[in-house]
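Protein chains: 4
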Amino acid sequence: MPETVEIGLGRSARRGFHLDDIALVPTRRTRGSGVVSTAWQIDAHSFELPFVAAPSDAIVSPATAAEVGRLGGLAVLDGEGLWTRYEDADAELAKLDGETQTLQRVYSRPVSPELLARRVGELRAAGHPVAVRFSPQHTADLAPHVLAAGVDLLVLQGTIISAEHVAADGPGLNLKTFIADLDVPVIVGGVTNYQTALHLMRTGAAGVIVGYGAHLGSTTHSMLGIDVPMATALIDAAAARRDYLDETGGRYVHLIGYGDMVTGGDIAKALACGADAVMLGQALATAVEAPGNGRYWDATAAHPRVPRSAAIDLGHAEHERPTLEELVAGPTSDPSGERNLFGAVRRAMGKCGYSTLKEFQKVELIVTSGR
Amino acid sequence: MPETVEIGLGRSARRGFHLDDIALVPTRRTRGSGVVSTAWQIDAHSFELPFVAAPSDAIVSPATAAEVGRLGGLAVLDGEGLWTRYEDADAELAKLDGETQTLQRVYSRPVSPELLARRVGELRAAGHPVAVRFSPQHTADLAPHVLAAGVDLLVLQGTIISAEHVAADGPGLNLKTFIADLDVPVIVGGVTNYQTALHLMRTGAAGVIVGYGAHLGSTTHSMLGIDVPMATALIDAAAARRDYLDETGGRYVHLIGYGDMVTGGDIAKALACGADAVMLGQALATAVEAPGNGRYWDATAAHPRVPRSAAIDLGHAEHERPTLEELVAGPTSDPSGERNLFGAVRRAMGKCGYSTLKEFQKVELIVTSGR
Amino acid sequence: MPETVEIGLGRSARRGFHLDDIALVPTRRTRGSGVVSTAWQIDAHSFELPFVAAPSDAIVSPATAAEVGRLGGLAVLDGEGLWTRYEDADAELAKLDGETQTLQRVYSRPVSPELLARRVGELRAAGHPVAVRFSPQHTADLAPHVLAAGVDLLVLQGTIISAEHVAADGPGLNLKTFIADLDVPVIVGGVTNYQTALHLMRTGAAGVIVGYGAHLGSTTHSMLGIDVPMATALIDAAAARRDYLDETGGRYVHLIGYGDMVTGGDIAKALACGADAVMLGQALATAVEAPGNGRYWDATAAHPRVPRSAAIDLGHAEHERPTLEELVAGPTSDPSGERNLFGAVRRAMGKCGYSTLKEFQKVELIVTSGR
Amino acid sequence: MPETVEIGLGRSARRGFHLDDIALVPTRRTRGSGVVSTAWQIDAHSFELPFVAAPSDAIVSPATAAEVGRLGGLAVLDGEGLWTRYEDADAELAKLDGETQTLQRVYSRPVSPELLARRVGELRAAGHPVAVRFSPQHTADLAPHVLAAGVDLLVLQGTIISAEHVAADGPGLNLKTFIADLDVPVIVGGVTNYQTALHLMRTGAAGVIVGYGAHLGSTTHSMLGIDVPMATALIDAAAARRDYLDETGGRYVHLIGYGDMVTGGDIAKALACGADAVMLGQALATAVEAPGNGRYWDATAAHPRVPRSAAIDLGHAEHERPTLEELVAGPTSDPSGERNLFGAVRRAMGKCGYSTLKEFQKVELIVTSGR
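So, in structure tokens, the structure goes:
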């Protein structure tokens, strides 16, 4: 049973822990980074690095998707983003000025089925697995276009989703039958707890996203009162993965942590809590190749009535911005922990004595008062 | 029994939790905001939105009261404020400069019974329920004037009140007999704990206010050492409501949370802790219609000897200030969480899987280390 | 048994609580401030207000001591301060520039027995009880001079003292025999825990000071690693007072809290934790009458080798500085909580339902996450 | 069994405490600093002060090593630093500009065996014990040169090391056989927990370093997710020392705390948690004699691919910088706690009632909410 605390007469609550609340504890053995592997795979697709570039127009374009693939990660194009709304997305990106109103206006144009198909074609041409994201409410309408064009992985993602959505116009997308009918694997999220994770696993999803991608500009906590203490959320979802593995006699659903990760240490802790991979957004936005040009935003920023994040300027003058390669794989001369993210992860795994991601999920954790 | 901690030899204390210390946990079901209702009612009066505009001259004038009513909330005019002390309250508002001394001077003029009656008339003319607030010490003298003029709800409110007050000149107002003799429902507060809440319920009050309206300029904690961890206070008062419901075989007393709420998330958490509605002060003070013109203060700010809050300038230049409608019901282009407050609440309820306020009081809570 | 936490294998520690960690909880009854008494007495001396002005040259001169007495408090002159080292103390005060080096130099002049006697005479002339402070190491040499001159209360005070001091040149002052031989009551401190408090009570002291007067400029925690969580320290000392009362069949030793108090709320909490009175230093230093002219320091600031606090400038331009009377008894137009300190305490007692200090020591406390 | 908390379903973690989380509690006895001894010894070498100057080029040169020895401490020269890479190290120091890139370039030159021997000679000439540090990976190659030149103590130190390292090219240095074959005592570290400490003790090490020297510019936590709550780490290592003492029937291995210590209070707390001595880096870098000229960095700052700390400028203009003697032994006119470090430690021990370091390891600790 989870630990609870009584916060008032007759009402108890669990304590949740953020990644900042914990740290890794090395064991009695250490390993050189040369004997450490960070490889993972989902369905038939293998990757050298356990990372997914988030479906944000600020970081994933057809061009940067190719570079992410070359570096060993998986990039997800936002199927409801600028590239599928506009022929000339670059022209629209140039109009963005950091104002929410501008985002709301630019994103109000409908998604074009024709562009959806064309972008999948551009992504396929780069030779890496092709992944596209839709929100649950638009999946039924839009997914067929990318499926026909040859997408490899479908990502159904909203801030907080569930396997059972009730809307004014009746039940939403039936995930179970939708997924069962597909030939490509589906990744769904975000979720925040054991039960929703388990229900989503039972829909047949190949992967479940934990968290809603909290970043510097996120206001979901302020807006809705919902917060995701990521360490607790991942550990809970890992318990769901274990129970689902048992109930199915062997189906392993991959967990992808998303939110509150900007340094190698943050990523290492998420993997230690049970993530098979992490989805990175803000952490990649300073790259010189990033279409957002040093600014970061996600899909919630353009909501027409209740925007739940701001487009934030990460404040890096152009000449100081790193390449995606330096950010992801190093080397670097920046000691902040925000570059050479997976060189750092490899070292963290080695110093803690582990050589594979799966073993690393057992590393000892310690709760600290933060620093 | 509540959780306690020993803070010194032989002396224990409970732990109290602020709204900032907790967050909401979504369940396995989600709902579209179209199937969510935020309606509530007190006595014979129904409201679309679970909110009460606080009796502060900075936000409630006869004019803004009408707008609050139109938006679906309940506005409370301060019966001891400028509109009942001065014929031309606007002229006095124009004199305020943020200095406590000025407040003390302007509020030193006596309340006029004639103006009390006239303001009730102005409020009635707008066609919404009319509510007026008095401090417990002046209720006996002043309330008859508004009752005669046709007030719908009486609000008896001080920083911290009890059902049993002892003063130098004998016992104060006997709430029980006072309320029993009235035809209109009475809301009383603020209270901070189970026992005082229960005693006030037993006086026959229709609603109990929890908290003293802590805002950015409040210094009650510094001044008096009294603090109200709102999550704990509301949960405790909800326990009193439950026990009183049982002891009376069905009298349901409404709880109104007051203090520390400036965002939709804060409000959602207060409702989740058991509030039937929230009383908002500072959160509405930036509205273009607000008489305080971007400045906020409450009744404690003008105390002649021990002022317990400052008139704070919320720092919004006129052209950036939202309308009351944008603040309360949206839409908005401000992602801070401080606008479209009840659009956000509706979404929070939906994402957590609830369709009515009463059900939402059961949502799972999690204690986080704050953000 | 006190609550402990294991901080490492085989090593446990108690948790200590600062005044900032707790708050007062009102009960079901409230009282008007007219029916509240803040009077206390020590030995044959009665005071209207439960406060002692700390023996700091920044606040207590013969002149301000008279004003403190008039307001109902007790002022303690530092027997090792400027007034007993210099004929013209004002001239030396004018030389102070906030530099520790200057303090070290000015305080290096020896104390004059002749001036000690003269200052006691000046204090007596004002007609209030006369109290002088010495450090334990100089008490044997210097105390006879003030005793002969007619001091009413002797204060033996160092940062941290004990009933059993071992020095290179043998045991220090034997407090037990020293106190037994005296005709005037003695107040000793500071202490931080149950056991030292009990031992000091057994020396025959009339009062025990809890804490070392931590203020904005204090560095004792940084320097020595010693900290005094004041709520815990006072509650522990109150337990010692209770046990000593029992073992002596009725000797009540007064507790004086000293440190971390700048607002009425801080003082109210200290009294709630068991203090019979509080010793105030920094809180009085902004007074126009204060000899430190807006700057505050205590005796540790002038130590020749290991100074443990800085002379801090409280940053109040002369024209904004309050009188001692406004600070202590009000009224005030400053809502910060730092003025009308005992008007606030009286109100805190009333709102919590208590009419005497002794009863107020039973008020319910709550642990909050601070604000 | 250590205290644990469940951070998610089925996954528990201990709580770790930083030095900032705790404070010392004085006992019923106090001692003058004249009767307090801070002496310690390791193997045949005795020291007046329990401190080791860290192997950072910013603080230890052959010249400052002599001064550290004169003051009663032990200085460790970095065997892989500038003095053993360059004939004219001062010329290279002058090139450093605070940029990591510059550090990476300057430190890319190979270590010279000839210079290693020459520096040991220079250190021997000063007449104090000679200590040199190597990283575990280069010890086998480089140590023979300093052993031949007459080093007294060998320090094998990396961020996090273990007794069992696995690298791509096979197992690393076998510490057990390496140490057994040596005539000089070996100090190894850093470690973070009981088990690694115990394993390193079993290699025959004379001393074990706890922590990786966290300082203002450290980013190991951000980079790797590894943090060392120093109070917990020292107490755990002290438990290992006790168990090893028992299993060997009397071999006492010295613990040297390293990291997060900049004030006398920090050092006193580390000693209280079981350290026999502390290794100081940043705390000494402001000395006028320091080769880093007010800037501090450690070996991790120059890593070619994953630098894990920055060279930080401690911001002291030359004329304000203290001497090493003022920093270490006082007297001082600086009340910050950062000067006269061991004068402060001596006072802390005295005020807590202890006269030797070994006894002081039993002082009572209290967990505070920090200040």
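Protein chains in written order, with our numbering: chain C, 1065 to 1435; chain S, 1065 to 1435; chain P, 1065 to 1435; chain Y, 1065 to 1435. For glycine and all other residues, C-beta sits at the position ideal for the given N, C-alpha and C. This structure is a prediction, so every number in the text was calculated from the model and none was measured.
Would you please state the rounded distance, in angstroms, between the beta carbons of residue i and residue j? I believe it to be under 8 Å.
| i | j | result |
| --- | --- | --- |
| I1273 (chain C) | G1289 (chain C) | In fact, because the Cβ distance is near 21 Å, the residues do not count as touching under 8 Å. |
| A1103 (chain S) | E1112 (chain S) | 6 Å |
| M1343 (chain Y) | Y1322 (chain Y) | 4 Å |
| L1088 (chain Y) | M1294 (chain Y) | 15 Å between Cβ atoms; not a contact. |
| E1353 (chain Y) | T1387 (chain Y) | 7 Å |
If you draw a straight line from the alpha carbon of residue i to that of residue j, how long is it in whole angstroms?
| i | j | result |
| --- | --- | --- |
| A1232 (chain P) | G1162 (chain Y) | 48 Å |
| V1370 (chain C) | I1224 (chain C) | 15 Å |
| S1110 (chain P) | G1072 (chain Y) | 58 Å |
| A1339 (chain C) | A1302 (chain C) | 8 Å |
| R1169 (chain C) | M1287 (chain C) | 21 Å |
| F1406 (chain Y) | T1260 (chain P) | 26 Å |
| L1217 (chain C) | L1146 (chain C) | 20 Å |
| P1174 (chain C) | F1081 (chain Y) | 54 Å |
| G1275 (chain P) | L1262 (chain S) | 39 Å |
| A1270 (chain S) | A1207 (chain S) | 17 Å |
| A1244 (chain S) | E1428 (chain S) | 38 Å |
Any beta-carbon of chain S closer than 8 Å to the one on residue i?
| i | result |
| --- | --- |
| Q1165 (chain C) | yes |
| R1197 (chain C) | no |
| D1291 (chain C) | yes |
| E1228 (chain C) | yes |
Checking contacts by CB at 8 Å: is residue i closer than that to chain Y?
| i | result |
| --- | --- |
| R1092 (chain C) | yes |
| A1336 (chain P) | no |
For chain C, check one thing: does any of its Cβ atoms lie closer than 8 Å to the Cβ of residue i?
| i | result |
| --- | --- |
| V1431 (chain S) | yes |
| I1086 (chain S) | yes |
| T1296 (chain S) | yes |
| S1397 (chain S) | yes |
| P1368 (chain Y) | yes |
Residue range of the beta strand (DSSP E) that residue i falls in?
| i | result |
| --- | --- |
| H1229 (chain C) | 1228 to 1231 |
| R1369 (chain P) | Unbroken run through R1369 (chain P): none, as it is neither H nor E. |
| E1070 (chain P) | 1068 to 1072 |
| I1086 (chain S) | 1086 to 1089 |
| V1140 (chain P) | 1138 to 1142 |
Comparing the C-beta of residue i with each C-beta of chain P, is any distance below 8 Å?
| i | result |
| --- | --- |
| S1172 (chain S) | no |
| S1286 (chain S) | yes |
| G1345 (chain Y) | no |
| S1373 (chain S) | yes |
| P1386 (chain Y) | no |
Just to confirm the assignment, what range does the alpha helix (DSSP H) spanning residue i have?
| i | result |
| --- | --- |
| E1428 (chain C) | No alpha helix (DSSP H) contains E1428 (chain C), which is instead part of the beta strand (DSSP E) from 1428 to 1431. |
| R1075 (chain S) | Unbroken run through R1075 (chain S) is the beta strand (DSSP E), 1075 to 1079; no alpha helix (DSSP H). |
| E1131 (chain S) | 1126 to 1135 |
| V1409 (chain P) | 1405 to 1416 |
Ignoring anything shorter than 4 residues, give me the alpha helix (DSSP H) runs that lie fully in the segment 1166 to 1234 of chain C, in order along the chain.
1177 to 1189, 1200 to 1213
Can you check the segment 1277 to 1348 of chain Y for any beta strand (DSSP E) of at least 3 residues that lies completely inside it and give the ranges in chain order?
1318 to 1323, 1341 to 1344
Which parts of the segment 1091 to 1116 of chain C are runs of the beta strand (DSSP E), unbroken and 3 residues or longer, counting only runs that do not cross its ends?
1093 to 1095, 1104 to 1106, 1109 to 1111
Contiguous beta strand (DSSP E) assignments of at least 3 residues, all confined to the segment 1248 to 1276 of chain P
1250 to 1255
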